[in-house]
Amino acid sequence: MKKGLLITFEGPDGSGKTTQVQRLAQHARALGYPIVQTREPGGTAISEKIREVILDVSTPEMDDVTEALLYAAARAQHVSQVIRPALLRGDIVVCDRFVDSSIAYQGFGRGLGAGVASINAFAVQGVKPDLTFFLDIEPAAGLKRISRSGGLDRLEKETLAFHKRVYEGYQELIAQNKERYRIVDAGLDADAVAEEIQSLFDAWMAE
Ligand code: TMP
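This is the structure we're talking about:
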């Protein structure tokens with residue numbers, strides 16, 4: 067039986083990821099798997115504090131490199147305190163965003179390029195996702211969804227052009243990691259998306 071697995075969720079803002087992470091974790095727990103559900107940036111007290119600093123709308127002057135390093139710093143703590151110990155115990159970690167978010171948002175969105183992969187390789191010390199769900203929604207449609215829910219954070223407030231570059235970044239990541247990625251149409255209603263993800267998960271676990 068497969069164990070000690072890292073399953074990540076990726077996608078544009080407004081793709082409904084957070085709900086789907088919750089739904090998959092519930093499904094897998096009901097099947098008896100030991101599940102650790104977590105998120106980035108966050109998942110530890112230190113990483114949640116870094117999250118607040120990164121997303122704070124009152125500091126629009128944050129330098130792009132600072133931003134990239136803060137995401138990587140939050141991740142380093144998360145990997146060492148939560149993810150790696152869980153994987154060593156044989157648990158399944160279900161994580162809302164991981165390194166690919168930094169490559170898409172900071173590498174492509176901010177235009178920082180390959181340096182982002184390097185600082186993240188240092189941050190995670192070899193931990194890699196085994197399976198990644200991409201919740202596919204056009205950037206404009208995603209932004210429309212979140213603007214309805216109000217209270218946008220510093221990244222969500224970015225331009226449509228930025229979010230389009232992020233989306234392009236994801237397309238490259240998917241092309242480079244076909245084995246690991248499963249693409250799900252996030253335009254469907256939440257129950258239909260959850261069912262699709264559950265059947266993809268069940269099939270992958272049985273491989
Ligand atoms: P969330 O809304 O999925 O919780 O993520 C918060 C924001 O942070 C979202 O706009 C995506 C962004 N983000 C990055 O830019 N780089 C990263 O490495 C991560 C994890 C998130």
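Each residue of the sequence shown is one higher than the one before, starting from 67 at the first, in our numbering. In this text, a Cβ means the ideal position worked out from N, Cα and C, and glycines have one as well. In this text the structure is predicted, and so the values were computed from the model without any measurement.
With a cutoff of 8 Å on beta-carbon distance, residue 246 and residue 197 are scored as near each other. For the ligand TMP, a non-hydrogen atom lies closer than 7 Å to the CB of residue 137. Contact annotation: residue 164 and residue 106 have beta-carbon atoms nearer than 8 Å. If you ignore the 5 residues before and after residue 159, its C-beta comes within less than 6 Å of the C-beta of 72, 102, 149 and 152, all in its own chain and listed in chain order.
Taken in chain order, the complete beta strand (DSSP E) segments of 3 residues or longer contained in the region 72-141 are 101-105.
A distance criterion of 7 Å places the beta-carbon of residue 201 beyond contact range of the ligand TMP, judged by its closest non-hydrogen atom.
Residue range 181-190 is occupied by the alpha helix (DSSP H) that includes residue 182, with no beta strand (DSSP E) assigned at that position.
Each of 78, 69, 79 and 83 was checked against the Cα of residue 259, and the nearest Cα belongs to 83. Between residue 169 and residue 77, the gap from beta carbon to beta carbon reaches 8 Å or more.
For residue 239, the enclosing alpha helix (DSSP H) starts and ends at 226-242. Straight through space, the alpha carbons of residue 205 and residue 74 are spaced by roughly 20 Å.
For residue 267, the enclosing alpha helix (DSSP H) starts and ends at 256-272.
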